[in-house]
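Just so we're on the same page, my numbering is the position in the sequence shown counted from 1, plus 6.
All C-beta atoms in this analysis are idealised placements derived from N, C-alpha and C, irrespective of residue type, glycine included.
A short write-up of the structure that comes next.
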Amino acid sequence: MNRLVEAKILPTFESWRGTSRSLLQQQIEPAQILWNDGSMPMLPIADQTAHEPFFDSRNSTSPGIPPVPREFITQAQTVSYHRDPVRWPLLYRILFRLTHNEKNLLQITTDDDVHQFYEMEKNVRRDLHKMHAFVRFRRVSENGQDRYIAFHRPDHLIMPAAAPWFAKRFANMHWTILTPDASATWDTEDLTLGPGAARSPVSEDDLEDLWRTYYASIFNPARVKVKAMKKEMAVRHWPTLPETELIPRLLRSARTRVHSMVESSAPAPGIGVSALEFMPRTTELPVLREAIHQCHGCELYCHATQPVFGRGPENAALMFVGEQPGDQEDLAGLPFVGPAGQLFDEALATVGIDRSACYVTNSVKHFRFEVRGKRRIHSKPSARHVAACKPWLQAEINIVKPRMVVVLGSTAAAAILGPTIRILRDRGQVFRDNPIAPWIMPTIHPSALLRMPDPDQRALAHEQFLADLRTAAGELFRRSP
Ligand code: URA
Ligand code: SF4
7 MNRLVEAKIL PTFESWRGTS RSLLQQQIEP AQILWNDGSM PMLPIADQTA
57 HEPFFDSRNS TSPGIPPVPR EFITQAQTVS YHRDPVRWPL LYRILFRLTH
107 NEKNLLQITT DDDVHQFYEM EKNVRRDLHK MHAFVRFRRV SENGQDRYIA
157 FHRPDHLIMP AAAPWFAKRF ANMHWTILTP DASATWDTED LTLGPGAARS
207 PVSEDDLEDL WRTYYASIFN PARVKVKAMK KEMAVRHWPT LPETELIPRL
257 LRSARTRVHS MVESSAPAPG IGVSALEFMP RTTELPVLRE AIHQCHGCEL
307 YCHATQPVFG RGPENAALMF VGEQPGDQED LAGLPFVGPA GQLFDEALAT
357 VGIDRSACYV TNSVKHFRFE VRGKRRIHSK PSARHVAACK PWLQAEINIV
407 KPRMVVVLGS TAAAAILGPT IRILRDRGQV FRDNPIAPWI MPTIHPSALL
457 RMPDPDQRAL AHEQFLADLR TAAGELFRRS P
C-alpha cells in the first residue's frame, strides 16, 4: 500500500472540505488516509478493492477538481453533523469516486457507500426536526433581564446546524441552548457557539444552576477565556484556517510513513482549551478526584474509559509522575497497574521504597490511543494535551507538597521541568530551586525499559533506573531540603 497520510481536521464540514480539496489535488486515495477529527484517529475502511481508485489526469483540470453535483455538497454538509467518525472517510470516498469516473454514483442507491451516505443524511435531518420540535425554553432572570434557557440531548452533533433556525424563530429573545456536545447563545444580534454542558440537568432548577455556572464561566468578560472562546466560536471562519495550505507542504516532506497534518488551532465545540475551566477551587484531593470526571479540557476524554487521577497518601514525601494511563490503567481507573506498573512495583521493592507511601500520578489523565483492529495502541500525548491537563497535576502537587518528585520519561519531564530536559542526558540528576518541589529528579520511564529490544541494553538501563530510584530515596531519607 502507498504511504499513509493522517488528515487532521476540525470536526466541521468546512475543515473536511478544505482538507479534501488538497488531498484530491495531491491524488491521495481514500485508502491512504487516516482521518482524525480530534475525537479518534480513523483507520481507512478496508474494502477499497471493489472500486480500485485511480487518478485520471485527463479527468482533471488540475489544480482544479472536476465539479461535483451541488446536492452532494449540501447533503455532505448534513452528513458532516452525524456523530459517527466514519463520516469523514465515507465522504471522501464518495467525493473521490465522483471525481474519478463515477459521476453518477449518487444515483446508484444500492451502492454501499451511497446507501450509508443517505442513511446518515436522513438520521441527521430527523434529529434536526426533533430538536426544533422538542426544545422548550425556561425563563430566568439575569440582572433584571429575561433570558431563556433550554437543555437538549440530540443524537448527533447538530448544534451548528440547528442554532440558526432557533435564532430566526426566537429572534427577539436572549436564549442559550445547552447540549452535552455544544451550546449556542443568541443575544438578539449575535449567535455564538460554545462548549457543551459538563453534565445533564436533573431538574428545571438544576438546569438554571447549570446555566448559571456555564454563564459565569463562559460569558463573564472578566475572565481571559473570552478570547479563547471567541476563537472557538468563530465557526464560520474555520474554512480560512491555514491547514489547507500546510497539507501540500507536509505531503512533500514525506519522511515518515504517517504524516501529521496540523494540530487544530481551535478546539472543537464541546471541548475546552484547558482543564482549568473544569476545576473546582478546592484543596481537597477527593473533590478533585471526583471533579475530573467532568473534565473536557481537551478531546482525550471523548474516547477514554475514564480519567485516571493520582493515587497515594496526601502527605506523601515522594511523588512519581508518569506520562498517561495505559490500556489497563484506563480500564482500572488506577495509575501504573499494567505491565509498566508491574516493572515499576518490582523496581521500588528492589530498592526498598514502599509504594503505598508514595503518591503516583500522570502528566495527562486520560488515555490517548489509536485503534488497530481490536487493540488500543498507546499514542503519545501531545504538548497541547500535557498543557491542557497540567492544572490537575499542579493541583495534586500543591496539595501533596512532595519533597521529591521523580519524573518518569520525557512527557513528565517536559511537563514539570520544561522542554529542554533530555532523559538520557539528565536522568539521575536532582534539580533544586524549582518552585514545583524542593527536589526533582528525572529518570527513564518503565515503559521505555519494556520496549528496549536489546537484552544487554535493557539490563543496563534497568540498573540505571534502580540507581536513580536509590538516589531519590537516599536524598529523601538522608537529608531535608
Ligand atoms: N505509563 C504511564 O506513564 N502511566 C501509567 O499509569 C501507566 C503506564
Ligand atoms: Fe481533562 Fe486532562 Fe482528560 Fe484532557 S486529558 S480531558 S485535560 S483530564
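Checklist entry - Is the closest heavy atom of the ligand URA to the C-beta of SER453 under 8 Å? => result yes
Next on the checklist: For CYS308 and ILE383, what's the separation of their Cα atoms in angstroms?
Outcome noted: 16 Å
Checklist entry - Excluding the five sequence neighbours on either side, which residues of its own chain have a C-beta within less than 6 Å of the C-beta of ASP5, listed in chain order? => result It is not possible to answer for residue 5, since the shown part of the chain is limited to 7 through 487.
Next on the checklist: At 3 residues or longer, what runs of the beta strand (DSSP E) sit wholly inside the segment 321-400?
Outcome noted: 324-328, 365-368, 375-378, 381-384
Item to check | Whether SER369 touches PRO397 by CB criterion (9 Å) | outcome: no
Item to check | Proximity to HIS180 [Cα-Cα], best of VAL146, GLU210, SER26 | outcome: VAL146
Next on the checklist: DSSP three-state label for PHE315, please.
Outcome noted: coil
Item to check | DSSP three-state assignment for VAL413, whether helix, strand or coil | outcome: strand
Item to check | Extent of the continuous beta strand (DSSP E) to which TYR154 belongs | outcome: 151-157
Next on the checklist: On a Cα-Cα basis, can you pick out the residue from PRO73, ILE34, SER362 that is closest to GLU108?
Outcome noted: PRO73
Checklist entry - Which partner residues does PHE437 have in the DSSP bridge list? => result ILE446
Checklist entry - Which of helix, strand or coil does DSSP assign to ALA281? => result helix
Checklist entry - Does DSSP put VAL406 in a helix, in a strand, or in coil? => result helix
Next on the checklist: Let's see if you can read the secondary structure: which residues bound the beta strand (DSSP E) around SER26?
Outcome noted: Run containing SER26: none in the beta strand (DSSP E); it sits in the alpha helix (DSSP H), 19-31.
Item to check | Counted within 10 angstroms of its Cβ, other Cβ atoms place ILE79 as buried (16 or more) or exposed | outcome: exposed
Next on the checklist: What I want to know is whether the C-beta of PHE342 ends up closer than 8 Å to one or more non-hydrogen atoms of the ligand URA.
Outcome noted: yes
Checklist entry - With respect to 8 Å, is the separation between the Cβ of PRO313 and the closest non-hydrogen atom of the ligand URA below this value? => result no
Next on the checklist: Is GLY328 close to the ligand URA? I mean its beta-carbon at under 8 Å from any heavy atom of the ligand.
Outcome noted: yes
Item to check | Inter-stretch contact (C-beta, 8 Å, three-pair minimum) for the segment 400-407 and the segment 424-436 | outcome: no
Next on the checklist: Just to check my reading of the structure: GLY339 and LEU414 have Cβ atoms closer than 8 Å, yes? What is that Cβ distance to the nearest angstrom?
Outcome noted: Going by Cβ atoms, the distance from GLY339 to LEU414 rounds to 19 Å, so no, they are not a contact pair.
Next on the checklist: Is the separation between the beta-carbon of LEU472 and that of VAL357 shorter than 9 Å?
Outcome noted: yes
Item to check | DSSP bridge partner residues for ILE39 (one or two, in chain order) | outcome: VAL11
Next on the checklist: For the ligand URA, is there any heavy atom lying closer than 8 Å to the beta carbon of ALA346?
Outcome noted: yes
Next on the checklist: Using the Cβ count rule (16 or more neighbours within 10 Å means buried), how would you classify LEU430?
Outcome noted: exposed
Next on the checklist: Along the chain, where does the alpha helix (DSSP H) containing ILE100 start, and where does it finish?
Outcome noted: 93-104
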